[in-house]
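Below you'll find the structure, written out as structure tokens, and then a few comments.
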Amino acid sequence: MDVFTSFYGLIPVTIAQSLIVSFVVLGVMLPFRILNFPDLTSEGAFPLGGCVCGTLISIGINPFLACFIALLCGFAAGCTTAFIHLRFKINTLLAGILVMTMLYSINLRIMGRTNIPLFTYDTVFTILAGPSANFPWTKILIVGLLIALVVGAMLYFFMSEKGTAMRAVGASPDMAEAQGINVGTATIIGVGAASALSATGGSIMVQTQGFADVNMGFGILINGLAALIIGEAITGRQTIFRQVLAPVIGSLVYYQLISFCLTLGLAPADLKFATGAFVLLMLALPNLRRSSGGIQIREKIRE
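Structure below.
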């Protein structure tokens, strides 16, 4: 009974956290599913957004402006990854690793130290909600409205002519180029937008947790991938609406599962292994099903 009581008590906190991480999951989904551009930049863009936002807030910059500048920095990081791939023909994953590695040093340079406390500074939440800013449901409302706006904007864009062109680039670059679509521009903008979403998540996260840390993005990519797979398993991805909604649903479910596992007594040190094993299972499951089906067919033929 105590386990379930503890779990229910953590639900508002995990919902608020999962909504923030939804920005990262959207940033993972966009290049991975829409552009067919496997990318690791999100793991570097998330702390980049947090470090930029935390540093700007600590020197007195308006939190809203700090978030916007963090978004622009994330966009620049994603564009850099896409440019390296397109200009120098470097593999997408390797280009993302290179940018992610360099961003660690850049984040340290931006902050001048490994972490910055923000407990005494105004944030987006204190400005909008005042004394109730630290309540979980207040954060859920504010971040929920923001993520709803982002999802709505993405749906509108992907149903427009330019959004359809970007989807065409991911489906078949050669065919898209034959139709007069600038594949390079679409790729750079798409990957840049993905990293901008991740950086936005980082900028919001530092304002909820009260500090910016250079190591805050460690493992966020595998968490985002796990959430994306869960979301796609629930909503499917047959339509663009389902594909865009999957990261948000998956993030909400994934972090509730993590919270429940922790209340059951799973050691925090084992979460990375459990998450990696889960992602491996979900990715391998379709092949296992096909293999099982093939074995059954061969057995019937032999009979």
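The number in the numbering used here is simply the position in the sequence shown, starting from 1, with 11 added. Don't be surprised by glycine CBs; every beta carbon is placed ideally from N, CA and C. Predicted, not measured: the structure shown is a model, and the values here were computed from it.
| Identified DSSP bridge partners for D224 | Working through the sequence shown from its first residue, we reach residue 224 at position 213. Its beta-bridge partners are N126.
| task | Run through the region 151 to 236 for me and flag every whole beta strand (DSSP E) of 3 or more residues, listed as ranges in chain order. | result | You should have 222 to 224.
| task | Classify Q28 as buried or exposed, calling it buried when 16 or more other Cβ atoms lie within 10 Å of its own Cβ. | result | On the sequence shown, position 17 is the one that residue 28 refers to. In summary, Q28 is buried, with 16 or more beta-carbon neighbours lying within 10 Å of its beta-carbon over all protein chains present.
| Taking one C-beta from the region 32 to 42 and one from the region 201 to 208 each time, how about it: are there three or more such pairs within less than 8 Å? | These segments touch.
| Alpha carbon to alpha carbon, what distance is there between F94 and A189? | Taking the first residue of the sequence shown as position 1, residue 189 is located at position 178. Taking the first residue of the sequence shown as position 1, residue 94 is located at position 83. CA-to-CA, the gap between A189 and F94 works out to about 21 Å.
| Where do the N-terminal and C-terminal ends of the alpha helix (DSSP H) with P42 fall, by residue? | Numbered from its first residue, the sequence shown carries residue 42 at position 31. Element bounds for P42: n/a, residue is neither H nor E.
| said: Among the candidates V225, G181 and Y265, whose CA atom is the shortest distance from the CA of A244? | reply: For the purposes of this step, residue 244 is taken as residue 233 along the sequence shown, with counting starting at 1. Ranking the options by Cα distance to A244, first place goes to Y265.
| task | Answer yes if the region 217 to 226 comes into contact with the region 124 to 135, meaning at least three C-beta pairs across the two stretches below 8 Å, and no otherwise. | result | The region 124 to 135 is in contact with the region 217 to 226.
| message | Suppose the cutoff is 6 Å on Cβ atoms and the five residues either side in sequence are ignored; what does the same chain contact list for M177 look like? | response | The residue given as residue 177 occupies position 166 in the sequence shown. So the list reads A197 and G201, once near-sequence residues are dropped.
| message | Out of G213, M165, R248 and V63, which one is the CA nearest neighbour of G123? | response | The sequence position of residue 123 within the sequence shown is 112, counting from 1. The shortest C-alpha separation from G123 is found at V63.
| task | Drop a sphere of 10 angstroms on the beta-carbon of I145, count the other beta-carbons inside from all chains shown, and report buried for 16 or more, exposed for fewer. | result | Locating residue 145 in the sequence shown gives position 134, counting from the first residue. Per the sequence presented here, residue 145 reads as Asn, with Ile not at that position. So N145 ends up on the exposed side.
| Is it true that the CB of L277 sits closer than 8 Å to the CB of A288? | Along the sequence shown, read from residue 1 onward, the residue named residue 288 stands at position 277. Along the sequence shown, read from residue 1 onward, the residue named residue 277 stands at position 266. Not closer than 8 Å, so no.
| C-beta contact flag for S270 and A238 at 8 Å | Residue 270 sits at position 259 when you count from the first residue of the sequence shown. Residue 238 sits at position 227 when you count from the first residue of the sequence shown. Taking 8 Å as the Cβ cut-off, S270 and A238 do not qualify as a contacting pair.
| message | Give me, in chain order, the residues of the same chain whose beta-carbon lies closer than 7 Å to that of H96; leave out the 5 immediate sequence neighbours on both sides. | response | Numbered from 1 along the sequence shown, position 85 holds the residue referred to as residue 96. The answer, listed in chain order, is T103 and A106.
| DSSP state of I70, grouped into three classes? | Locating residue 70 in the sequence shown gives position 59, counting from the first residue. I70: coil per DSSP, three-state reduction.
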